[in-house]
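Number of protein chains: 2
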Amino acid sequence: MTTDSRDSRRQRTESAILEAAGELFAETGYERTTIRTVAARAGIDPALVMQHFGSKEGLFAAVARWPDDHSRVLDASVETLPRAALEDLLGTFEAHGEREAAAALMRSCLTHPTATAVMRDEVMCERTAAVEALLDGQDVELRAALFGACMIGLGMARYLIELPALAAASHEDVVRLMEPVLRQLVDPA
Amino acid sequence: MTTDSRDSRRQRTESAILEAAGELFAETGYERTTIRTVAARAGIDPALVMQHFGSKEGLFAAVARWPDDHSRVLDASVETLPRAALEDLLGTFEAHGEREAAAALMRSCLTHPTATAVMRDEVMCERTAAVEALLDGQDVELRAALFGACMIGLGMARYLIELPALAAASHEDVVRLMEPVLRQLVDPA
DNA sequence: GTCTATATCTTGATAGAC
DNA sequence: GTCTATCAAGATATAGAC
Numbered sequence: 001m002t003t004d005s006r007d008s009r010r011q012r013t014e015s016a017i018l019e020a021a022g023e024l025f026a027e028t029g030y031e032r033t034t035i036r037t038v039a040a041r042a043g044i045d046p047a048l049v050m051q052h053f054g055s056k057e058g059l060f061a062a063v064a065r066w067p068d069d070h071s072r073v074l075d076a077s078v079e080t081l082p083r084a085a086l087e088d089l090l091g092t093f094e095a096h097g098e099r100e101a102a103a104a105l106m107r108s109c110l111t112h113p114t115a116t117a118v119m120r121d122e123v124m125c126e127r128t129a130a131v132e133a134l135l136d137g138q139d140v141e142l143r144a145a146l147f148g149a150c151m152i153g154l155g156m157a158r159y160l161i162e163l164p165a166l167a168a169a170s171h172e173d174v175v176r177l178m179e180p181v182l183r184q185l186v187d188p189a
Numbered sequence: 001m002t003t004d005s006r007d008s009r010r011q012r013t014e015s016a017i018l019e020a021a022g023e024l025f026a027e028t029g030y031e032r033t034t035i036r037t038v039a040a041r042a043g044i045d046p047a048l049v050m051q052h053f054g055s056k057e058g059l060f061a062a063v064a065r066w067p068d069d070h071s072r073v074l075d076a077s078v079e080t081l082p083r084a085a086l087e088d089l090l091g092t093f094e095a096h097g098e099r100e101a102a103a104a105l106m107r108s109c110l111t112h113p114t115a116t117a118v119m120r121d122e123v124m125c126e127r128t129a130a131v132e133a134l135l136d137g138q139d140v141e142l143r144a145a146l147f148g149a150c151m152i153g154l155g156m157a158r159y160l161i162e163l164p165a166l167a168a169a170s171h172e173d174v175v176r177l178m179e180p181v182l183r184q185l186v187d188p189a
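Going down the list, the sequences are from chains D and S. So in this note's numbering, spot 168 of the first sequence is number 168, and the numbers just go up one at a time. So in this note's numbering, spot 18 of the second sequence is number 18, and the numbers just go up one at a time.
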């Protein structure tokens, strides 16, 4: 039995809202997701969403984020970086909860101004800076940026656009085939 | 002086609508673009947009499309494919008119159902099938799909998200650094 | 052909009863 | 804490005058 204290009820409501909002933002993006559909999926009243998160923007900010880096890209070496980055990306989208948070941000990052800024400045720029720090030779900044572009393209094509051949491929095959591709940017020798 | 015949006036109005709509769909995507803002930018009345294109969906369909393939990916060989694909993508975004059409489709392809289907089925699947036909060895289908994923990631990161290091890079540097990356997928030897 | 006026709907957000 | 009722704004789309 669940308790019925004020706090526990409030927490259960908030969890239900967060879960429903994560799914809907991930599936349809910011604009097509409405407070009403979130409430309906959570099985609660629309006014409760406002009570808990203040605004639609507040709800989106609470839901859409890039999960922590599992692969420790910062700790990687030139040798381990390509595989580590791939395992991180694929792992994020294979973990329940993280998948929705990442997909929500990614889905809206071309159309929602805040999501665009977060994706560019907090996700991509930060990661490409970490990649850049590991590189040697010429054009390190651009090579790191292209590394990020390939990663974001992989994520979008596989998980959002769902290009059939790519969405159906196994985790292992994707890593195996993409690893030497990224290595070409890390170590062009 | 411009003529004032019925047809020429109608054509000028339609051109103005198409140009304004292309810019706005490209800049802000389907949802945030309104009939009113299109009309305002075109300097005409909102009702005229409906008169000419029937609906917002109709206007979007008339504007958002992937331009023809300049590089003749179909005619390319394994040797020329990576560079041809890159020149095609970059060329599209450097050509006025084509840029807006492509950006409009790309900008909305994660959030607008029709745009998603067009991008996946008519743009990516068709092109990856052409790439696939050129490949030898194992995993040709998946390698072609990953080729497409890298290309779409490059386009989105450079022209829509505008990752600073990538948006600022020269055409030549992007082609030079990406060409061996794509070659790794075309010819993994 | 073009525009005025408006119908109709949907949205985010608020006020207040319980 | 939760829900009913509603507001105000903005959207697409339509009807009809000129």
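Positions of the beta carbon are idealized from the N, C-alpha and C atoms, including for glycine. Predicted model, so just to flag it, every value in this text is computed and none were measured.
- Within the same chain, A84 come within 6 Å of A76 of chain D by CB-CB distance, once the 5 residues on both sides are set aside.
- For E79 of chain D, the three-state secondary structure derived from DSSP is coil.
- Residue contact with chain D for E141 of chain S: present (Cβ-Cβ distance below 7 Å to some residue of chain D).
- In this structure, D:D88 is the residue among D:M106, D:D88, D:A102, D:H112 with its C-alpha nearest to the C-alpha of V175 of chain D.
- At a cut-off of 7 Å between C-beta atoms, G137 of chain S does not count as an interface residue with respect to chain D.
- Given a length threshold of 4 residues, each whole run of the alpha helix (DSSP H) inside the region 63–114 of chain S is given here in chain order: 81–94, 98–108.
- Interface annotation for the region 106–118 of chain D against chain S: M106, R107, S108, C109, L110, T111, T116, criterion Cβ-Cβ distance under 8 Å.
- Counting only Cβ-Cβ distances below 8 Å, T128 of chain D has contacts in chain S at L163, A165, in chain order.
- Under the 7 Å criterion on CB atoms, R65 of chain D is classed as non-interfacial with respect to chain S.
- When DSSP states are grouped into helix, strand and coil, L163 of chain D belongs to the coil group.
- Within chain S, G153, M156, A157 have C-beta atoms less than 7 Å from the C-beta of I152 of chain D, given in sequence order.
- At a cut-off of 7 Å between beta-carbon atoms, Q51 of chain S makes no contact with chain D.
- Nearest to A149 of chain S by alpha-carbon distance, out of D:A144, D:M156, D:R143, is D:M156.
- Residue-level contact check: A149 of chain D touches chain S, since one or more beta carbons of chain S fall below 7 Å from its beta carbon.
- For S15 of chain S, the uninterrupted alpha helix (DSSP H) segment begins and ends at 6–32.
- Nearest in C-alpha terms to C125 of chain D, of all of S:A145, S:A133, S:E162, is S:E162.
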